[in-house]
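Sequential numbering of the sequence shown, starting at 1, is according to the numbering used here. The beta carbon of each residue, even a glycine, is placed where N, CA and C say it ideally should be.
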Amino acid sequence: MIRIQAWALVSVLAVVVAAAVTAVVATTAPAFLSCTGCPLVPVKHVIDGDTFDSTHRRVRLYGINAPELGEECFNEATERLRELVGDEVRLELGPRKKDKFGRVLAYVYTEAGDSVDETLVREGLARAWARDGQHRDVLAALEREGQEQGTGCLW
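Right under this line is the structure:
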């Protein structure tokens, strides 16, 4: 009887450990986009999930479209952008320098060089912008993956 209980305990522990490892691997998938050499700019204020003010200009994340005020996931996307950008970010310009509102269009990276655009799409807090941009294909693939897995509040 004791052998059976020990075997059952070992089996249960193996399942729990396997699930924990799977969860860690899923949430720590390697980043595709990084830019440690991109110039740093200060962040003054986050407007929403894809826009912030620097001390120089308003910046719109090039590769994504986050929910607007009143839309589902707006608060989650805005708060996550605030967490990711901190006090400084790195910017990589895309093919177009400004949008129709005069905002600077840029791919945004943390101080460490990790892609903010990628993180928001990967976490299901923003959609990939499919119109143009040098990282469009990577972001679109991450969006499809997130949709298939039901990641975040958008899917």
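My understanding is that E118 touches L93, with C-beta atoms under 8 Å, so please give their C-beta distance in whole angstroms.
-> Within the sequence shown, the letter at position 118 stands for residue 118. Within the sequence shown, the letter at position 93 stands for residue 93. So it is not a contact: roughly 17 Å between Cβ atoms.
Keeping to the same chain, check which residues put their C-beta closer than 8 Å to that of A23; ignore five residues upstream and five downstream.
-> Here residue 23 refers to the residue found at position 23 when the sequence shown is read from its first residue. Interpretation of A23 is limited by its pLDDT of 33, a score under 50 that renders its predicted location unreliable; no figure is taken from the coordinates.
Express the C-alpha separation of W155 and T36 in angstroms, rounding to a whole number.
-> Here the question's residue 36 lines up with position 36 in the sequence shown. Here the question's residue 155 lines up with position 155 in the sequence shown. Going from the Cα of T36 to the Cα of W155 covers about 31 Å.
Could you tell me whether any Cβ in chain B is nearer than 8 Å to the Cβ of T78?
-> In the structure shown, chain B does not exist; there is a single protein chain.
So what's R90 in DSSP terms, helix, strand or just coil?
-> As a first step, residue 90 must be located in the sequence shown, where it is residue number 90. Three-state result, R90: strand.
Taking only the alpha-carbon atoms, compute the straight-line gap between R144 and R58 and give it to the nearest angstrom.
-> Taking the sequence shown and counting its residues from 1, one reaches residue 144 at position 144. Taking the sequence shown and counting its residues from 1, one reaches residue 58 at position 58. Rounded to whole angstroms, R144 to R58 spans 29 Å at the Cα level.
Endpoints, the alpha helix (DSSP H) within which F74 is located = Here residue 74 is taken as the residue at index 74 of the sequence shown, counted from 1. Start and end: F74 to V85.
Spatial distance of T78 from F52 (CA atoms) | The residue you call residue 78 lines up with position 78 of the sequence shown. The residue you call residue 52 lines up with position 52 of the sequence shown. Using only the alpha carbons, I get a separation of about 10 Å.
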